[in-house]
Amino acid sequence: MVTTHLMMKINSNILNFAKVFIFLNLCLSVYAILFQNTIWLLNLQVAFFSSLFVTIASFLSYRKNIKNRLSNIDDTNRFSADDRDKIDEIDDPYDLYSEYEELPESELTSDKIKEIIEEEKRKVKQNSIKNTVFSAGGFVSIYRVLGYVFLIFGFFALNNNNLFIPLAFIIGLGIVPIGVLFTKIKAWDIPTQKTSNNQQNQIEIPKK
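First residue of the sequence shown? That's 0 in numbering that gives the first Met the number 0, and the numbers climb one at a time after it.
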């Protein structure tokens, strides 16, 4: 349930970002057609689509990363919940009073304590390695690599054919981060306006 809701939210955010990217690119393309030339437009589009490809690949990689982590959490919760019967779930729905096996003090020798510490260290190390592997999946993505390859190839292709225009290329690269910034500012303004309106409604005294 939580995983589905989060995935729907991520997909909605990706769609909102894409709309802003396309709108900004369309406006700049119209400017290039009317006031510049086709070479200027070519630089703009090569840079824009390279940056967009890398960004989309990053979104997809991190979405997969989050989905894998949430699925592992759901599996852990499900397995732990299966160990409790229905009566336990009714009497103690939050598992606050479950009894855990405690070792007698007589058995807590120095060797036993070292064994427990080593076991906990091993668990922490396994979790660290697992998190590192999941995080690496967000960075090492074939689609992301292809995006960077396309960016580098486009740059050298334009430069080697004397078609490279630095300003147009930089503007094309800036469409995606500027679009993200605009979308975030818009997302921040909506809750702020709602909070301000609620505060004003609470302060206003109804007239008799």
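All C-beta atoms, glycine included, are put in the ideal place defined by N, C-alpha and C.
Per DSSP, L145 is one residue of the alpha helix (DSSP H) stretching across I141 to N159. A distance below 6 angstroms between beta-carbons, with the five flanking residues on each side excluded, links F47 to the following residues of its chain, in chain order: N24, G171 and I174. The C-beta distance from V53 to G153 rounds to 12 angstroms, too long to meet the 8 angstroms contact threshold. N160 sits exposed, since fewer than 16 C-beta atoms from the chains shown fall within 10 Å of its C-beta.
Apart from the 5 residues on each side of it in sequence, F149 sits with its Cβ closer than 7 angstroms to the Cβ of S49 and F52 in its chain, given in chain order.
One thing to note: N42 has its Cβ no nearer than 8 angstroms to the Cβ of F155. In this structure R121 does not touch S57 by the C-beta definition: roughly 33 angstroms separates them, more than the 8 angstroms allowed. Y30 and I38 have their C-alpha atoms some 13 angstroms from each other.
I177 and I141 have their alpha carbons spaced roughly 25 angstroms apart. Q44 carries a helical assignment under DSSP once its states are collapsed to helix, strand and coil. With respect to the 8 angstroms criterion, V19 and F163 are not classified as neighbours on the basis of their beta carbons.
Judged by their CB atoms, V179 and F16 are nearer to each other than the 8 angstroms cut-off.
Between R62 and the set S11, I32, S109 and N158, the nearest pair of CA atoms involves S11. By the 16-neighbour rule on beta-carbons within 10 angstroms, S60 is buried.
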